[in-house]
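Asks: This is the structure I want to talk about, given as structure tokens.
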Amino acid sequence: MRLFDFNRAPNPRRVRMFIAEKRLDIPLVPVNLYRHEQLSPEFLAINPAGTLPVLETDEGEYISESLAICSYLEARHPDPPLLGTGASACARVLMWNAICEQDGLAAIAEVLRNVSPGFRDHALPGPLPVAQLPPLVARGQQRAAWFFERIATRLQHHQYLAGDSFSFADLTLLACVDFAAWVQIQPQQAHPPIARWYAEVASRPSARL
Ligand SMILES: N[C@@H](CCC(=O)N[C@@H](CS)C(=O)NCC(=O)O)C(=O)O
Numbered sequence: 011m012r013l014f015d016f017n018r019a020p021n022p023r024r025v026r027m028f029i030a031e032k033r034l035d036i037p038l039v040p041v042n043l044y045r046h047e048q049l050s051p052e053f054l055a056i057n058p059a060g061t062l063p064v065l066e067t068d069e070g071e072y073i074s075e076s077l078a079i080c081s082y083l084e085a086r087h088p089d090p091p092l093l094g095t096g097a098s099a100c101a102r103v104l105m106w107n108a109i110c111e112q113d114g115l116a117a118i119a120e121v122l123r124n125v126s127p128g129f130r131d132h133a134l135p136g137p138l139p140v141a142q143l144p145p146l147v148a149r150g151q152q153r154a155a156w157f158f159e160r161i162a163t164r165l166q167h168h169q170y171l172a173g174d175s176f177s178f179a180d181l182t183l184l185a186c187v188d189f190a191a192w193v194q195i196q197p198q199q200a201h202p203p204i205a206r207w208y209a210e211v212a213s214r215p216s217a218r219l
């Protein structure tokens, strides 16, 4: 098994943290996004979307999408459970993970990818050119603000995002909060519940990855 990875990017990071929480040892294959190695013909043959992370299984199958990779690993290594146990806990993890992906990571990416010169003509991942749209910067900032307000409300009454147990949803949220700092958004300052949660989760050894 191998994980195609880039150490600076938020999606590969949440999978690396998941692997660390599971105490698994999976070799990493670096793919440098800054040098656009994800757009090489060799990598596009592995993942035509041109995104990381990708897991290569022992059977030679390639799995992209962070949640799909983590679901595969959870099925093979159930302890400690990070995707919930029981119908309702599993649904809560998937629900909050989806909220963090769609309303959090996507909003922050909308800001970064439409403002940073490094993403010129690459405002969306993938091999086709996509122009930056400056009005999306303010929209992304607004979406991110709404997202973190919702997260703060949730964390006011729950220790972790999906309830009483630490889960993959917390890893995705940690990736969101640290990614937000790239575009000068720091929800810990405005929202004490997020600050309380962040202090705990960011001190786990896996968060150093
Ligand atoms: N939905 C995917 C998102 C993967 C993704 O967008 N990864 C980013 C790095 S965080 C990427 O590979 N970007 C490539 C690019 O910008 O060309 C997942 O959950 O893994």
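With our numbering applied, the sequence shown covers 11 to 219. Where is the CB? At the ideal position from N, CA and C, for every residue including glycine.
#1: How many angstroms separate the CA atom of Y208 from the CA atom of Q198?
#2: Do P135 and T61 have their C-beta atoms within less than 7 Å of each other?
#3: Less than 7 Å between C-beta atoms, sequence neighbours within five positions excluded: which residues of the same chain meet that for G94?
#4: Using C-beta distances below 6 Å, list every residue in its chain close to K32, excluding the 5 sequence neighbours before and after it, in chain order.
#5: Drop a sphere of 10 angstroms on the beta-carbon of L162, count the other beta-carbons inside from all chains shown, and report buried for 16 or more, exposed for fewer.
#6: In whole angstroms, what is the alpha-carbon distance linking L146 and A154?
#7: Throw me the rounded Cβ distance for the P63 and N21 pair, which I believe falls under 8 Å.
#8: Considering only the beta carbon of each residue, do L138 and N124 sit closer than 7 Å?
#9: For Q48, count neighbouring Cβ atoms within 10 angstroms of its own Cβ and tell me buried if that reaches 16, exposed if not.
#10: Enumerate in chain order the residues of its own chain whose CB-to-CB distance from V41 is below 8 Å, with the five nearest sequence positions on each side excluded.
#11: Quick check on the burial criterion: 16 or more other C-beta atoms within 10 angstroms. Buried or exposed for Y170?
#12: Should W106 go down as buried or exposed, given a rule of 16 or more other Cβ atoms within 10 Å for buried?
#13: Would you mind sorting E84 into buried or exposed? The rule is 16 or more other CB atoms within 10 Å of its CB.
#14: Is R24 near S76, with beta carbons less than 7 Å apart?
#15: Rounded to whole angstroms, what's the CA-CA distance from S213 to Q194? Just pull it up for me.
#16: Once DSSP output is grouped into helix, strand and coil, what is the label at S81?
Replies: On the basis of the supplied data:
#1: In a straight line, the C-alpha of Y208 is about 7 Å away from that of Q198.
#2: Annotated as proximal: P135 and T61, with beta-carbon spacing under 7 Å.
#3: Cβ within range, chain order: C100, R102, V103, A172, S177.
#4: These residues qualify, in order along the chain: H87.
#5: Note that residue 162 is Ala in the sequence shown, not Leu. By the neighbour-count definition (other C-beta atoms within 10 Å, threshold 16), A162 is a buried residue.
#6: Looking at the two C-alpha atoms, the distance is approximately 12 Å.
#7: In this structure, P63 and N21 form a Cβ contact; the two beta carbons are roughly 6 Å apart against a cut-off of 8 Å.
#8: For the 7 Å CB-CB criterion, L138 and N124 do not form a contact.
#9: Buried is the label assigned to Q48, since at least 16 other Cβ atoms lie within 10 Å of its Cβ.
#10: Cβ neighbours of V41 beyond the five flanking positions: F14, D15, F16, E47, Q48, F53, L62.
#11: So Y170 counts as buried.
#12: By the C-beta density criterion, W106 is buried, having at least 16 other C-beta atoms within 10 angstroms.
#13: So E84 counts as buried.
#14: Going by C-beta atoms, R24 is nearer than 7 Å to S76.
#15: Computed Cα separation, rounded: 21 Å.
#16: Here S81 sits in helix by DSSP.
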